[in-house]
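Residue numbers (full-length UniProt numbering): 1 to 279. Ideal Cβ positions, reconstructed from N, Cα and C, are used throughout, including at glycine. Quick caveat: nothing in here was measured; it's all calculated off a predicted structure.
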Amino acid sequence: MPSLFASYLRVYEPLTAFDRERQSYWRRYVSEGRAVAPVEGPVRQRTAVIEALGAGWTRLPDLPEEAYVLETDDSLLVCPWNLRIRVAEAALSARDGVPSVLADAFVPPVLAGQARAVVDDWRSGARVLEHGVPRVHEQIATWGVPLRWFVLFDAAERDLVTEPGRRALRYRTEISKARRRSSRALSVLRKSVGEAPITDAVEEAARWLEEFHPRSVVELDYGGLVDLLSDETLVADDSPELVASGLAGLSRGEAEEASAAYDTLVARWRAVQLLERCN
């Protein structure tokens, strides 16, 4: 199975976060053994979208209702894919700031119109009254991990597997802990650097977390990036610790310590991003 060189930030919500119809659907989905493993999901998502769109990209089709699932001793948590709305939002984003000739070539006006209707319907009107405020449960970043994501996790929450065929690196934490960490980080950043891109990025992540049930679980998955990194590199990876160290330095007014941690992180993930351009 080919890897997609991307990382993923996911929120798994308990069934009580969904309306009765969705709760029944997800219970049936799990009992029938249809849940998709995270290692298989990205390729499945991509294949489903490409096949559904077709060669002409002239329509926004219905897409399968799939999800990742976490089962614990006392609860079932679900991370829906929300593929249709994500495709619609991606289609609209692809047209932003692009000359109309290029925009129409990549995303035809017919598809863009359908995408706009889907997004507007999903975020307002009868659908919200019936199903509640919509939530996108998964964020994706290609060729790296956004530094703001590391704010949400502690090094002790890492789960690393280096066995051939099963290599993976993930962090999982309770959403309450992720919210507290993002709140502390925001406080430090606002006092030390003020309005800056990094402050805005952490604030955006914090706002996103507020959309979900308080008993949710947040997961950072290195996904296909593990195929770009050796076992030794994965074992030694301390990105969340570097972020914590940088924030601690800022809170104490020790700019050099904070700068050193930041520079190390940027250099590490810049090296991964540059692999995109390798022939």
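What residues in its chain sit with their C-beta under 8 Å from that of residue 193, if we drop five residues either side in the sequence? Hits under 8 Å: 199, 250.
Hey, how far is the Cα of residue 118 from the Cα of residue 85? Straight-line Cα distance between these residues: approximately 7 Å.
Kindly indicate the opening and closing residues of the alpha helix (DSSP H) around residue 179. 175 to 192 is the span of the alpha helix (DSSP H), which, as asked, contains residue 179.
Rounded C-beta distance between residue 170 and residue 219? I'm assuming under 8 Å. Between residue 219 and residue 170 the Cβ distance is about 6 Å, and since that is below 8 Å, they are a contact.
Cα-Cα separation between residue 112 and residue 88, rounded to whole angstroms: Taking the straight line joining both Cα atoms gives about 8 Å.
Mind checking whether residue 37 and residue 223 have CB atoms under 9 Å apart? No, they are not a contact pair.
Using three-state DSSP, classify residue 70 as helix, strand or coil. Here residue 70 sits in strand by DSSP.
Inter-residue Cα distance where the pair is residue 160 and residue 108: Whole-angstrom Cα-Cα distance: 43 Å.
Please classify residue 235 as buried or exposed, where buried requires at least 16 neighbouring CB atoms within 10 angstroms. So residue 235 ends up on the exposed side.
Which residues does DSSP pair with residue 12 in a beta bridge? Per DSSP, 217.
In this structure, what does DSSP give as the bridge partners for residue 231? Looking at the DSSP assignment, residue 231 forms no beta bridge with any residue, so it has no partner.
Is residue 205 buried or exposed, if buried means 16 or more other CB atoms sit within 10 Å of its CB? When all chains shown are included, residue 205 counts as buried.
Buried or exposed: where does residue 138 fall if 16 or more other Cβ atoms within 10 Å of its Cβ makes it buried? Buried, by the Cβ-count rule.
Apart from the five residues just before and just after residue 141, which ones in its own chain have a Cβ nearer than 7 Å to its Cβ? Cβ contact annotation for residue 141 (same chain, cutoff 7 Å, sequence separation greater than five): 6, 7, in chain order.
Buried versus exposed call for residue 153 [16 or more other C-beta atoms within 10 Å across all chains shown]: In the assembly as shown, residue 153 is a buried residue. Its beta-carbon has 16 or more other beta-carbons within 10 Å.
Which of the three DSSP states is assigned to residue 75 in this structure? In the structure shown, residue 75 sits in coil (DSSP, three-state: anything other than H, G, I, E or B).
Ends of the beta strand (DSSP E) at residue 263? It is not in any beta strand (DSSP E) - residue 263 instead sits in the alpha helix (DSSP H) that spans 255 to 274.
Could you check if residue 239 is buried or exposed, using at least 16 other CB atoms within 10 Å of its CB as the buried criterion? When all chains shown are included, residue 239 counts as buried.
Return no unless some Cβ of chain E is closer than 9 Å to the Cβ of residue 157. Absent from the structure is chain E; it holds one protein chain and no more.
Please name the residue or residues paired with residue 171 in a DSSP beta bridge. Note: residue 171 sits in a beta bridge opposite 158, 220.
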